[in-house]
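So the protein lines, in turn, are chains A and B. Under UniProt numbering, the first sequence has 44 at position 44, and the numbering climbs by one with no breaks. Under UniProt numbering, the second sequence has 191 at position 191, and the numbering climbs by one with no breaks. Have a look at the structure below, then the notes.
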Amino acid sequence: MSADLHQPSALQRERVAYRRSRARRSTLVAFLSTVVFAVAAWLALTSSPGWPRVRESFLDVDAALRALPGVLDGLWLNLRVLVVCEVLILLLGLGLAALRSLRGPVWFPLRALATGYVDLFRGLPLIICLYLVGFGLPGLRLTGVPTDPVVLGCVALVLVYSAYVSEVLRAGIESVHPSQRAAARSLGLTHGQAMRIVILPQAVRRVLPPLLNDFVALQKDCGLISVLGAVDAVRAAQIESARLYDFTPYVLAGLLFVAMAVPSARLADWAASRATRRRGGAP
Amino acid sequence: MTPVLQVRGLVRDYGGGAVLRGVDLDVAEHEVVALIGASGSGKSTLLRCVNLLEELDDGQVFLDGVDVSDPRADADAARRRMGIVFQSYNLFPHMSVLDNVTLAPRVVHGVERADAEERARDLLDRVGLGDRADAYPDQLSGGQQQRVAIVRALAYEPRLLLFDEITSALDPELVGEVLTLVRDLAAQGRTILMATHEMGFARQVADRVCFLADGVILESGPPEQVLGAPEHPRTQAFLRRVIAAGRL
Ligand SMILES: Nc1ncnc2c1ncn2[C@@H]1O[C@H](COP(=O)(O)OP(=O)(O)OP(=O)(O)O)[C@@H](O)[C@H]1O
Ligand SMILES: [Mg+2]
């Protein structure tokens with residue numbers, strides 16, 4: 001764009017140098033204080049009377065290595081459950097949010113149904129939902145009802161999380177100014193087209209950070225399907241732990257879940273900062 | 001010949017007393033009608049009712065002689081034959097200028113993307129925005145955004161154009177570029193109903209001026225008459241205030 005490059009003045013060069021030296025100092029202070037804190041925490045931990053026994057039963061490298069294949073197998077199941085559930089949750093959540101955004105008395109029954117659904121599953125603790133779906137549904141002995149604990153676990157996760165996600169999406173839909181809807185309808189777009197092409201893209205862009213946050217939460221809640229007997233990472237850790245007489249597999253599974261969540265968390269951060277910069281983000 | 005637009009006994013009540021209490025208005029083919037009136041007199045409401053963006057509480061709106069306000073009529077189909085431009089542009093911020101303009105032709109009128117884009121580029125060229133087709137709305141000035149909004153409404157050749165104070169959100173030096181465009185459209189023989197605060201512009205471009213007050217059209221006639229020698233005392237008082245504010 002600009003033809004000739006701007007040469008910074010002496011004043012500006014001096015200012016840049018000053019800012020840089022300030023930045024170096026802050027980095028140094030932050031680094032040192034972190035080291036001091038870490039050393040203090042480590043000393044407090046290792047000098048505690050129970051430390052040797054805790055280290056043996058929670059942080060046994062040998063046990064961790066022996067449990068690793070089983071736990072990884074379980075984690076693979078968690079990952080597949082996560083992906084399938086995410087897709088289903090997004091679809092169901094979108095449907096619910098769209099239903100709740102319908103205006104006019106004609107739609108009252110549908111709107112009421114969606115509201116009831118959201119109220120129910122947002123209030124129901126996930127673990128209770130898991131028990132009801134996981135043990136109650138097969139108990140009915142209806143033909144066609146799945147009995148696989150993985151499938152039932154997914155159903156429970158989708159029921160609860162779609163209620164959350166639909167509320168996040170609805171907040172996004174309602175944050176798009178009504179004049180956008182008016183402009184879309186005035187061009188002759190139907191309600192559905194206006195929603196799909198004009199409202200939803202803007203809404204999703206705005207609620208992307210909380211949406212991704214919900215999915216990070218889902219990631220670890222996938223571990224709860226183990227209560228139904230599905231052999232996921234948590235369940236595998238339990239099995240290995242009983243075999244090895246050691247708690248280390250739990251620590252291992254926990255660390256693996258954290259490692260899995262970190263990329264999503266960074267993705268959420270990145271999306272949040274992009275959303276604030278990106279056009280159409282704010283009204 | 002039947003007028004393009006006929007409004008009969010239009011009533012609109014938001015719940016705190018009627019804003020419009022029986023508006024009658026005709027716009028003939030190739031006619032440019034300016035709607036004037038104090039702030040809050042219901043000009044925007046009238047245009048939104050004509051565009052069926054608001055529900056009517058009574059009365060009828062006819063487009064080419066067909067009652068489009070009938071709940072059995074297809075309101076989407078009726079809107080497709082009108083183009084409305086709003087005071088605040090209302091471009092879609094997540095779409096490029098080109099996508100804003102081609103959206104209705106592509107999605108509503110089934111025009112192929114390539115054809116729609118060719119036509120859109122041609123229209124944008126004509127309003128001096130040919131080089132901004134790939135920009136996003138927030139990268140444009142207010143005047144440029146409003147010209148895009150007008151092009152968006154033109155893109156599917158509507159029978160009737162509705163302009164709602166399309167220059168009142170613009171800085172004075174940007175008003176001219178938009179008014180020039182409207183003048184061109186009027187010269188091309190478009191049928192236009194526009195609410196405006198620009199009395200000088202209304203006088204130059206409009207074939208007829210309608211003064212809206214108390215929820216009805218109090219006075220209507222050629223601009224020289226309504227703006228130059230108004231009969232109704234309310235119109236006279238309104239124009240005196242406008243002159244005092246330096247807008248005539
Ligand atoms: N959605 C709404 N709900 C309730 N009242 C409304 C609504 N929209 C407009 N009104 C009221 O209707 C009246 C007319 O509003 P309108 O916007 O049509 O006026 P206007 O003539 O366009 O004014 P301006 O020149 O300031 O744009 C105002 O008193 C306004 O408060
Ligand atoms: Mg208005």
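Backbone N, C-alpha and C fix where the C-beta goes; we use that ideal spot for every residue, glycine too. Just so it is clear, the structure is predicted and the values come from calculations on it, not from any experiment.
Boundaries (first-last residue) of the alpha helix (DSSP H) holding residue i
{"i": "B/MET199", "result": "199-205"}
{"i": "A/VAL29", "result": "10-46"}
{"i": "A/ARG141", "result": "Neither: A/ARG141 is in no alpha helix (DSSP H) and is coded neither H nor E."}
{"i": "A/ALA217", "result": "200-221"}
{"i": "B/PHE211", "result": "B/PHE211 -> not in any alpha helix (DSSP H); beta strand (DSSP E) instead, spanning 208-213."}
{"i": "B/VAL97", "result": "97-103"}
{"i": "B/GLY83", "result": "Not the alpha helix (DSSP H): B/GLY83 falls in the beta strand (DSSP E), residues 82-85."}
{"i": "B/THR45", "result": "43-50"}
{"i": "B/THR235", "result": "233-244"}
Proximity test, Cβ basis, 7 Å: residue i and chain B
{"i": "A/MET1", "result": "Any reading at A/MET1 needs caution, since the residue's pLDDT is 47, under 50, leaving its predicted position unreliable; the model's value is listed next. A/MET1 does not count as touching chain B."}
{"i": "A/PRO105", "result": "no"}
{"i": "A/GLN7", "result": "no"}
{"i": "A/ALA233", "result": "no"}
{"i": "A/TRP182", "result": "Correcting the residue identity first, residue 182 of chain A is Ala in this sequence and not Trp. With 7 Å as the cut-off, A/ALA182 counts as an interface residue toward chain B."}
{"i": "A/GLN193", "result": "yes"}
{"i": "A/ALA272", "result": "no"}
{"i": "A/ALA282", "result": "With a pLDDT of 41 at A/ALA282, under the threshold of 50, the modelled position of this residue cannot be trusted; read the value that follows with caution. No, A/ALA282 does not count as interfacial toward chain B."}
Interface residues of chain B facing residue i [CB-CB closer than 8 Å]
{"i": "A/ARG13", "result": "Residues of chain B passing the Cβ test: none, with the nearest at roughly 32 Å."}
{"i": "A/ARG25", "result": "None at all; the shortest Cβ gap to chain B is about 38 Å."}
Chain-ordered chain B contacts of residue i [CB-CB under 9 Å]
{"i": "A/ILE197", "result": "PHE92, MET95, LEU103 and VAL107"}
{"i": "A/ARG205", "result": "HIS94"}
Chain A contact for residue i (CB, 7 Å cutoff)
{"i": "B/ASN51", "result": "yes"}
{"i": "B/ASP76", "result": "yes"}
{"i": "B/ALA18", "result": "no"}
Under 7 Å between C-beta atoms of residue i and residue j
{"i": "A/VAL258", "j": "A/PHE58", "result": "no"}
{"i": "B/VAL107", "j": "A/GLN193", "result": "yes"}
{"i": "A/ARG170", "j": "A/ARG100", "result": "yes"}
{"i": "A/LEU82", "j": "A/GLN219", "result": "yes"}
{"i": "B/ALA186", "j": "B/VAL27", "result": "no"}
{"i": "B/ALA169", "j": "B/SER44", "result": "no"}
{"i": "B/ASP76", "j": "A/THR190", "result": "yes"}
{"i": "B/ALA206", "j": "B/ALA38", "result": "no"}
{"i": "B/THR102", "j": "B/ALA114", "result": "no"}
{"i": "A/GLY153", "j": "A/ALA230", "result": "yes"}
{"i": "B/HIS232", "j": "B/LEU218", "result": "yes"}
{"i": "A/ALA253", "j": "A/ALA233", "result": "yes"}
{"i": "A/ILE197", "j": "A/ILE173", "result": "no"}
{"i": "A/ARG206", "j": "A/SER175", "result": "yes"}
{"i": "A/ALA163", "j": "A/VAL133", "result": "no"}
{"i": "B/VAL97", "j": "B/ARG48", "result": "no"}
Where the beta strand (DSSP E) containing residue i begins and where it ends
{"i": "B/GLN60", "result": "58-63"}
{"i": "residue 256 of chain B", "result": "Since the first residue of chain B shown is 1 and the last is 248, residue 256 of chain B is not available in this structure."}
{"i": "B/GLY22", "result": "18-27"}
{"i": "B/GLN6", "result": "5-13"}
{"i": "B/GLU219", "result": "216-221"}
{"i": "B/PHE163", "result": "160-164"}
{"i": "B/ILE192", "result": "192-195"}
Residues that residue i contacts on chain A, provided the C-beta gap is smaller than 8 Å
{"i": "B/ARG159", "result": "Going along chain A, no residue has its Cβ under 8 Å from B/ARG159, so there is no contact; the nearest lies around 12 Å."}
{"i": "B/ARG79", "result": "ARG185, SER186, LEU187 and GLY188"}
Proximal chain A residues relative to residue i, where beta-carbon distance stays under 7 Å
{"i": "B/ARG72", "result": "What B/ARG72 touches in chain A: nothing, since even the nearest Cβ is about 15 Å away."}
{"i": "B/ILE84", "result": "SER186"}
{"i": "B/SER88", "result": "SER179"}
Within chain B, partners of residue i - CB distance below 7 Å
{"i": "A/PRO201", "result": "HIS94"}
Contact between the region 179-187 of chain A and the region 105-117 of chain A (3+ Cβ pairs under 8 Å): no
Would you call the region 151-169 of chain B and the region 192-206 of chain B in contact, with 3 or more CB pairs under 8 Å? yes
Check whether the region 143-161 of chain A touches the region 104-112 of chain A, counting contact only when three or more Cβ pairs, one atom from each stretch, lie closer than 8 Å. no
Stretch-stretch touch, CB-based, cutoff 8 Å, three pairs: the region 117-127 of chain B with the region 69-78 of chain B: no
Cβ contact (3+ pairs, closer than 8 Å) linking the region 263-275 of chain A and the region 203-217 of chain A: yes
Does the pairing of the region 85-98 of chain A with the region 64-75 of chain A give three or more beta-carbon distances under 8 Å? No: fewer than three Cβ pairs fall under 8 Å.
Hey, is the region 45-56 of chain B in contact with the region 78-85 of chain B, meaning 3+ C-beta pairs nearer than 8 Å? yes
Stretch pair the region 121-133 of chain A + the region 217-237 of chain A: three plus CB contacts closer than 8 Å: yes
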